[in-house]
Amino acid sequence: MLSKGLKRKREEEEEGKEALAVDTWWLDPGHPAVAQAPPAVASSSLFDLSVLKLHHSLRQSEPDLRHLVLVVNTLRRIQASMAPTAALPPVPSPPTAPSIADNLLASSDAALSASMASLLEDLSHIEGLSQAPQPLVDEGPPGRPTGGAPPSLGALDLLGPATGCLLDDGLEGLFEDIDTSMYDSELWAPASEGHKSSPEDGPGKEEAPELDEAELDYLMDVLVGTQALERPPGPGR
Amino acid sequence: MAGAGGGGCPAGGNDLQWCFSQVKGAVDEDVAEADVISTVEFSHSGDLLATGDKGGRVVIFQREQENKSRPHSRGEYNVYSTFQSHEPEFDYLKSLEIEEKINKIRWLPQQGAARFLLSTNDKTIKLWKISERDKRAEGYNLKDEDGRLRDPLRITALRVPILKPMDLMVEASPRRIFANAHTYHINSISVNSDHETYLSADDLRINLWHLEITDRSFNIVDIKPANMEELTEVITAAEFHPHQCNVLVYSSSKGTIRLCDMRSSALCDRHSKFFEEPEDPSSRSFFSEIISSVSDVKFSHSGRYMMTRDYLSVKVWDLNMESRPVETHQVHEYLRSKLCSLYENDCIFDKFECCWNGSDSAIMTGSYNNFFRMFDRTTWRDVTLEASRENSKPRASLKPRRVCAGGKRKKDEDKAN
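Taken in order, these protein sequences are the chains called A and B.
Residue numbers for the first sequence follow the UniProt record's numbering, beginning at 1 and rising by one.
Residue numbers for the second sequence follow the UniProt record's numbering, beginning at 1 and rising by one.
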């Protein structure tokens with residue numbers, strides 16, 4: 001999987017609070033929960049993840065344009081939000097591809113320079129996008145295997161502990177609060193536009209007796225883990 | 001995951017019950033990659049169901065005539081025709097393999113005994129004719145029964161060939177191949193209500209074709225920037241209006257929908273209408289754009305509404321109101337707090353489809369875990385069902401599912417109740 005090299009053990013905190021805290025780091029600073037954690041650290045992890053995705057996408061022999069565009073736009077948003085932090089130099093707005101390269105250059109340290117050099121080389125190919133209908137084809141030799149993280153990405157571990165959403169096998173733990181095993185007594189439930197009802201809701205709901213823990217694990221894997229592992233390098237079109 | 005394997009029948013009150021009917025496809029748990037179904041499409045009357053798979057094959061099922069001797073067959077679908085629509089190709093100029101995976105199938109309205117459909121992979125659209133043959137001619141003059149040519153010197157008399165019945169044979173033949181018009185990957189095809197033209201859309205362009213003409217197409221939408229560095233948006237889906245042959249819509253990765261009128265100008269780069277819902281500031285995140293990306297757009301049968309599917313919701317739009325949708329239905333809101341992880345493992349880029357029922361009173365879309373969701377627009381109620389053959393017996397009613405989120409998942413049965 002793409003981000004295997006970046007997974008970290010989560011800090012031991014109460015799970016629900018951790019999930020809440022993790023996910024609200026990405027919201028505007030106005031959100032009350034953001035105050036719980038330093039946004040710069042989390043954004044840095046998300047930034048690196050996005051850069052990884054961008055490179056991974058560009059390395060495909062035929063990149064998925066939709067995926068590429070969405071990742072680039074997300075990266076721009078993250079860059080814009082990171083501008084005021086001391087960790088990174090100010091980012092010119094609107095950030096363009098060359099500035100991503102500048103950013104990487106500025107934030108890299110000696111240990112990363114080697115891996116960054118190769119990544120920058122690839123980034124410069126973005127310039128070539130304007131020249132031909134699919135100049136991204138020039139990106140590397142055809143048929144180069146794109147699965148599996150290249151060895152240089154391991155060096156990014158040195159960026160520091162990632163306390164964001166980057167987990168190792170704890171992904172299952174993150175989705176432990178979603179229960180898809182239940183059945184509903186009402187055939188057609190009144191629709192709610194907001195959040196789904198909490199477990200305390202709905203009197204008389206039944207659980208099918210034949211569902212067991214193995215099935216719950218299977219559902220979990222289907223949603224997040226196993227199928228993601230089997231996912232081909234480029235995300236589904 | 002938008003398909004359903006069930007049939008509906010009213011049960012008791014006004015509520016529609018959904019029953020499991022059939023499962024088609026691979027029997028084993030171990031499914032070959034090529035057999036994975038990539039698209040499904042009913043014909044307009046519903047008597048035929050076409051499926052396309054990653055191996056480039058199309059399988060068409062036909063609904064059996066309901067008859068009194070087998071009342072519980074309830075119009076079951078059986079294999080009608082199977083053919084290889086697309087083969088893998090290699091683009092030598094760009095050194096790229098072109099996948100044979102069928103992205104979309106669209107039926108043409110029936111105009112005779114033969115049936116026609118369009119199937120497309122990433123680059124090439126093909127028009128297929130599916131016809132039945134249940135008679136054969138016998139008694140040719142110039143060739144004998146096994147097809148060998150007869151010695152002309154031995155022919156002493158003329159005879160008129162006669163038609164004799166034979167076992168039904170369904171033949172699929174490619175009638176048109178529409179190639180070399182798309183630089184990027186085709187995501188949509190849509191047949192026009194004029195029954196003469198159709199559109200094909202890729203990430204950056206939409207082309208208009210005439211069904212009879214394969215050597216040229218007309219480009220009607222082009223959003224490719226002069227400088228690809230400025231690319232910020234791609235086309236994700238496109239469809240013709242069901243009645244107005246000059247109107248089409250296309251959706252984008254930024255969650256916007258543009259309606260174009262082909263009468264206003266030849267190149268529809270300027271939209272006639274622009275549909276976008278303002279962003280909700282309270283739920284804004286780094287992933288707002290990704291989850292707003294529209295994966296499917298479908299006009300209602302009436303032509304008055306259209307429906308869009310983004311990552312977490314389905315929205316119904318009134319074509320007369322561009323400022324916001326008239327309905328929003330949450331599909332799996334419990335995923336909203338997990339967006340970061342879903343971004344990490346790329347699930348957030350998954351695409352779902354949606355569809356209207358025949359009377360536009362209900363809409364349906366898929367979710368994860370083999371779940372699909374149906375929203376009744378008249379009663380404003382929704383149901384979650386599971387399309388899983390392990391848990392469903394034929395003709396058994398599907399039990400509605402409920403997803404609970406927000407507390408620790410209970411593995412202990414007592415605690416769950």
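Glycine included, C-beta positions come from ideal geometry on N, C-alpha and C.
Quick caveat: nothing in here was measured; it's all calculated off a predicted structure.
Span of the alpha helix (DSSP H), counted from its first residue to its last, around residue i
{"i": "B/Ala114", "result": "Run containing B/Ala114: none; DSSP gives neither H nor E here."}
{"i": "A/Leu46", "result": "Pro39 to Arg59"}
{"i": "A/Met82", "result": "Leu65 to Met82"}
{"i": "B/Gly341", "result": "It should be pointed out that residue 341 of chain B corresponds to Ser in this sequence rather than to Gly. B/Ser341 -> alpha helix (DSSP H) spans Leu339 to Glu344."}
Beta bridge counterpart(s) of residue i as assigned by DSSP
{"i": "B/Tyr198", "result": "B/Val191 and B/Trp209"}
{"i": "residue 418 of chain B", "result": "Past the edges of chain B, shown from 1 to 417, lies residue 418 of chain B, and the structure says nothing about it."}
{"i": "B/Ser119", "result": "B/Ile105 and B/Lys126"}
{"i": "residue 418 of chain B", "result": "This structure gives no information on residue 418 of chain B, because the portion of chain B shown stretches from 1 to 417."}
{"i": "B/Ile220", "result": "Per DSSP, none; premise fails for B/Ile220."}
{"i": "B/Lys135", "result": "B/Pro165"}
{"i": "B/Asn78", "result": "B/Gln62"}
{"i": "B/Cys404", "result": "A/Asp179"}
{"i": "B/Phe240", "result": "B/Leu248"}
{"i": "B/Glu327", "result": "B/Val316"}
{"i": "A/Leu219", "result": "Bridge partners of A/Leu219: none, in fact."}
{"i": "B/Ser235", "result": "Looking at the sequence provided, one finds Ile at residue 235 of chain B rather than Ser. Beta-bridge pairing links B/Ile235 to B/Ser252."}
{"i": "B/Arg57", "result": "B/Gln84"}
{"i": "residue 479 of chain B", "result": "A query on residue 479 of chain B cannot be resolved here, the shown segment of chain B reaching from 1 to 417 and no further."}
{"i": "B/Ser397", "result": "B/Cys19"}
Span of the beta strand (DSSP E) around residue i
{"i": "B/Met169", "result": "Ile162 to Phe178"}
{"i": "A/Met182", "result": "Ile178 to Tyr183"}
{"i": "residue 425 of chain B", "result": "As shown, chain B starts at 1 and ends at 417. That puts residue 425 of chain B outside it, with no answer to give."}
{"i": "B/Ile37", "result": "Ile37 to Phe42"}
{"i": "B/Met374", "result": "Phe371 to Asp376"}
{"i": "B/Leu385", "result": "Arg381 to Glu386"}
{"i": "B/Asp261", "result": "Ile257 to Asp261"}
{"i": "B/Leu48", "result": "Leu48 to Asp53"}
Residue i beta carbon near the ligand GDP (any heavy atom closer than 7 Å)
{"i": "B/Ala50", "result": "Ligands are entirely absent from the displayed structure, and the ligand GDP is therefore not among its contents."}
Members of the region 255 to 269 of chain B near chain A, C-beta cut-off 7 Å: Taking 7 Å as the Cβ-Cβ cut-off, the region 255 to 269 of chain B has no residue approaching chain A.
So, does the region 286 to 300 of chain B touch the region 68 to 82 of chain A, judging by three or more C-beta pairs under 8 Å? With the rule of 3 Cβ pairs closer than 8 Å, the region 286 to 300 of chain B counts as touching the region 68 to 82 of chain A.
Anything in the region 82 to 100 of chain B with a Cβ closer than 7 Å to a Cβ of chain A? List those residues in chain order, please. Considering only beta carbons, the part of the region 82 to 100 of chain B lying closer than 7 Å to chain A consists of Lys94, Ser95 and Leu96, in chain order.
Ordered list of beta strand (DSSP E) runs contained in the region 273 to 322 of chain B, each at least 3 residues: Runs found: 273 to 275, 296 to 299, 305 to 309 and 313 to 318.
Mind listing which residues of the region 179 to 204 of chain B have their C-beta closer than 8 Å to chain A's C-betas, in chain order? Against chain A - using a Cβ distance shorter than 8 Å - the residues of the region 179 to 204 of chain B are Thr183, Tyr184, His185, Asn187, Asp203 and Leu204.
Would the region 389 to 402 of chain B count as touching the region 338 to 357 of chain B if we require 3 or more Cβ pairs under 8 Å? Three or more Cβ pairs closer than 8 Å define a contact, and the region 389 to 402 of chain B falls short of that threshold against the region 338 to 357 of chain B.
Compile a chain-ordered list of the residues in the region 56 to 78 of chain A whose CB is closer than 7 Å to at least one CB of chain B. Result list: Ser61, Glu62, Leu65, Arg66, His67, Val69, Leu70, Asn73, Thr74, Arg77 and Ile78.
With contact counted as at least three CB pairs below 8 Å, one residue from each stretch, are the region 296 to 312 of chain B and the region 238 to 250 of chain B in contact? With the cut-off at 8 Å, the region 296 to 312 of chain B and the region 238 to 250 of chain B touch.
Any residues in the region 206 to 232 of chain B with a beta carbon nearer than 8 Å to a beta carbon of chain A? Which ones, in chain order? Residues of the region 206 to 232 of chain B with a C-beta less than 8 Å from any C-beta of chain A: Ala226, Asn227, Met228, Glu229, Leu231 and Thr232, listed in chain order.
Taking one C-beta from the region 38 to 58 of chain B and one from the region 105 to 115 of chain B each time, how about it: are there three or more such pairs within less than 8 Å? Yes, the region 38 to 58 of chain B touches the region 105 to 115 of chain B.
Should the region 157 to 171 of chain B be called in touch with the region 192 to 207 of chain B, which here means at least 3 C-beta pairs below 8 Å? Taking 8 Å as the limit for Cβ pairs, the verdict is that the region 192 to 207 of chain B does not touch the region 157 to 171 of chain B.
When the Cβ atoms of the region 14 to 28 of chain B are set against those of the region 87 to 94 of chain B, are three or more pairs found closer than 8 Å? The region 14 to 28 of chain B vs the region 87 to 94 of chain B: no contact.
Contact between the region 255 to 270 of chain B and the region 45 to 52 of chain A is defined here as three or more beta-carbon pairs at a separation below 8 Å; is this criterion met? The answer is no - the region 45 to 52 of chain A does not touch the region 255 to 270 of chain B, with fewer than three Cβ pairs under 8 Å.
Say whether the region 317 to 328 of chain B touches the region 273 to 282 of chain B, bearing in mind that this needs 3 or more beta-carbon pairs closer than 8 Å, one atom from each stretch. In this structure the region 317 to 328 of chain B lies against the region 273 to 282 of chain B, because at least three pairs of beta carbons, one per stretch, are closer than 8 Å.
Specify whether the region 203 to 216 of chain B and the region 174 to 192 of chain B touch according to this definition: at least 3 beta carbon pairs, one from each stretch, less than 8 Å apart. The region 203 to 216 of chain B, when compared against the region 174 to 192 of chain B, does touch it at the 8 Å Cβ threshold.
For the region 327 to 340 of chain B and the region 357 to 370 of chain B, state whether three or more C-beta atom pairs, one from each stretch, are separated by less than 8 Å. At 8 Å Cβ cutoff, the stretches touch.
Interfacial residues, the region 20 to 31 of chain B to chain A, with Cβ spacing under 7 Å: Residues passing the 7 Å Cβ filter: none.
Relative to chain A, which residues along the region 353 to 379 of chain B have a C-beta separation below 9 Å, given in chain order? Of all residues in the region 353 to 379 of chain B, Tyr368, Asn369, Asn370, Phe371, Met374, Phe375, Asp376 and Thr379 have a Cβ within less than 9 Å of some Cβ in chain A.
Could you name the residues of the region 287 to 298 of chain B whose beta carbon sits closer than 9 Å to any beta carbon of chain A, in the order they occur along the chain? So the list reads Phe287, Ser288, Glu289, Ile290 and Ser293, given in the order they occur along the chain.
Taking a Cβ distance cut-off of 8 Å, strictly less, list which residues of the region 127 to 139 of chain B are near chain A, in chain order. Here the close residues number zero.
Does the count of Cβ pairs from the region 54 to 70 of chain B and the region 134 to 152 of chain B closer than 8 Å reach three? Fewer than three Cβ pairs drawn from the region 54 to 70 of chain B and the region 134 to 152 of chain B lie within less than 8 Å of each other, which leaves the two stretches out of contact.
Give, in chain order, every residue of the region 232 to 253 of chain B whose Cβ lies closer than 8 Å to some Cβ of chain A. Within the region 232 to 253 of chain B, the residues whose Cβ lies closer than 8 Å to any Cβ of chain A are, in chain order, Thr232, Glu233, Val234, Thr236 and Ser253.
Contacting positions in the region 102 to 131 of chain B - beta carbon closer than 9 Å to chain A: Listed by position, the residues of the region 102 to 131 of chain B near chain A (Cβ gap below 9 Å) are Asn103 and Asp122.
Do three or more CB pairs link the region 133 to 140 of chain B to the region 99 to 107 of chain B at distances below 8 Å? Touching, no, given that fewer than three Cβ pairs across the two stretches are closer than 8 Å.
Using 8 Å as the Cβ pair cut-off and three pairs as the minimum, do the region 220 to 239 of chain B and the region 183 to 195 of chain B touch? Touching, yes.
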